[in-house]
Amino acid sequence: IIDLSSNTDVSPPTLWERLKAYVDYNYVSQPKNLKNLAIIFLSLFILIFVLDGTHLGQAIIHGISSYLAKFISIIVVAVLIVIAFFIVVVGFIVFLEKRKED
-8 IIDLSSNTDV
2 SPPTLWERLK
12 AYVDYNYVSQ
22 PKNLKNLAII
32 FLSLFILIFV
42 LDGTHLGQAI
52 IHGISSYLAK
62 FISIIVVAVL
72 IVIAFFIVVV
82 GFIVFLEKRK
92 ED
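Be aware that the sequence shown starts at -8, since it is given in the numbering used here, and climbs by one per residue.
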(Lines of atoms letter the chains of each structure in order from A and count residues from 1; the text may use other names and numbers.)
(Lines give C-alpha, C1' and ligand atoms only; values in the text may rest on other atoms or scores of the structure.)
Protein backbone atom coordinates (compact mmCIF):
# COMPACT_ATOMS: atom_id res chain seq x y z
CA ILE A 1 0.00 0.00 0.00
CA ILE A 2 1.43 3.37 -1.04
CA ASP A 3 0.75 6.41 1.09
CA LEU A 4 0.11 9.17 -1.43
CA SER A 5 -0.53 11.82 1.20
CA SER A 6 3.06 11.73 2.46
CA ASN A 7 4.44 12.90 -0.90
CA THR A 8 2.30 16.02 -1.28
CA ASP A 9 3.27 19.62 -0.68
CA VAL A 10 -0.19 20.51 0.58
CA SER A 11 -0.28 21.04 4.32
CA PRO A 12 -3.39 20.02 6.23
CA PRO A 13 -5.78 22.87 6.99
CA THR A 14 -5.24 24.75 10.21
CA LEU A 15 -7.90 25.09 12.88
CA TRP A 16 -8.68 28.64 11.71
CA GLU A 17 -9.14 27.48 8.09
CA ARG A 18 -11.42 24.64 9.21
CA LEU A 19 -13.48 27.00 11.38
CA LYS A 20 -13.77 29.53 8.53
CA ALA A 21 -14.86 26.79 6.10
CA TYR A 22 -17.41 25.50 8.62
CA VAL A 23 -18.90 28.97 9.14
CA ASP A 24 -18.89 29.69 5.40
CA TYR A 25 -20.65 26.44 4.59
CA ASN A 26 -23.12 26.26 7.47
CA TYR A 27 -24.02 29.90 8.00
CA VAL A 28 -22.99 32.08 5.04
CA SER A 29 -24.08 29.79 2.22
CA GLN A 30 -27.12 28.55 4.18
CA PRO A 31 -28.55 31.58 6.02
CA LYS A 32 -31.48 29.47 7.22
CA ASN A 33 -29.11 27.88 9.76
CA LEU A 34 -28.04 31.31 11.01
CA LYS A 35 -31.67 32.34 11.34
CA ASN A 36 -32.43 29.19 13.34
CA LEU A 37 -29.42 29.81 15.61
CA ALA A 38 -30.51 33.41 16.17
CA ILE A 39 -34.09 32.35 16.96
CA ILE A 40 -32.93 29.71 19.45
CA PHE A 41 -30.50 32.15 21.09
CA LEU A 42 -33.10 34.91 21.38
CA SER A 43 -35.74 32.46 22.61
CA LEU A 44 -33.46 31.25 25.40
CA PHE A 45 -32.48 34.82 26.24
CA ILE A 46 -36.13 35.94 26.41
CA LEU A 47 -37.10 32.79 28.32
CA ILE A 48 -34.63 33.73 31.06
CA PHE A 49 -36.30 37.14 31.46
CA VAL A 50 -39.81 35.63 31.39
CA LEU A 51 -38.84 33.04 33.98
CA ASP A 52 -37.19 35.71 36.09
CA GLY A 53 -40.50 37.58 36.21
CA THR A 54 -42.40 34.68 37.82
CA HIS A 55 -42.02 33.38 41.35
CA LEU A 56 -41.16 29.85 40.20
CA GLY A 57 -38.76 31.20 37.60
CA GLN A 58 -37.04 33.35 40.20
CA ALA A 59 -36.63 30.31 42.42
CA ILE A 60 -35.19 28.29 39.53
CA ILE A 61 -32.82 31.05 38.42
CA HIS A 62 -31.79 31.75 42.03
CA GLY A 63 -31.09 28.04 42.54
CA ILE A 64 -29.04 27.83 39.36
CA SER A 65 -27.10 31.00 40.09
CA SER A 66 -26.37 29.96 43.69
CA TYR A 67 -25.29 26.54 42.45
CA LEU A 68 -22.90 28.03 39.95
CA ALA A 69 -19.84 29.79 41.23
CA LYS A 70 -19.19 33.39 40.26
CA PHE A 71 -16.41 32.31 37.91
CA ILE A 72 -18.71 29.95 36.02
CA SER A 73 -21.33 32.70 35.78
CA ILE A 74 -18.75 34.97 34.19
CA ILE A 75 -17.90 32.23 31.70
CA VAL A 76 -21.60 31.77 30.85
CA VAL A 77 -22.02 35.50 30.26
CA ALA A 78 -18.85 35.56 28.14
CA VAL A 79 -20.13 32.64 26.04
CA LEU A 80 -23.48 34.42 25.55
CA ILE A 81 -21.66 37.56 24.42
CA VAL A 82 -19.48 35.56 22.01
CA ILE A 83 -22.54 33.81 20.54
CA ALA A 84 -24.35 37.13 20.14
CA PHE A 85 -21.28 38.67 18.48
CA PHE A 86 -20.99 35.63 16.18
CA ILE A 87 -24.64 35.98 15.14
CA VAL A 88 -24.22 39.70 14.41
CA VAL A 89 -20.99 39.30 12.42
CA VAL A 90 -22.13 36.30 10.38
CA GLY A 91 -25.52 37.94 9.84
CA PHE A 92 -23.76 40.99 8.46
CA ILE A 93 -21.67 38.78 6.16
CA VAL A 94 -24.84 37.04 4.94
CA PHE A 95 -26.44 40.45 4.37
CA LEU A 96 -23.46 41.58 2.29
CA GLU A 97 -23.48 38.32 0.30
CA LYS A 98 -27.20 38.74 -0.47
CA ARG A 99 -26.65 42.36 -1.45
CA LYS A 100 -23.77 41.39 -3.74
CA GLU A 101 -25.99 38.82 -5.50
CA ASP A 102 -28.62 41.50 -6.30
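Using N, Cα and C, we set each Cβ at its ideal position, and we do this for glycine too. Keep in mind that this is a model prediction, so the values were computed, not measured.
- Between V70 and L25, the gap from beta carbon to beta carbon reaches 9 Å or more.
- With fewer than 16 other Cβ atoms from the protein chains shown falling within 10 Å of its own Cβ, V67 counts as exposed.
- Contact check between the region 10 to 21 and the region 44 to 57: fewer than three CB pairs, one atom from each, fall below 8 Å, which does not count as touching.
- Excluding sequence positions up to five before and after A29, its CB lies within less than 8 Å of the CB of I78, G82, all in the same chain and listed in chain order.
- For N24, the enclosing alpha helix (DSSP H) begins and ends at 22 to 43.
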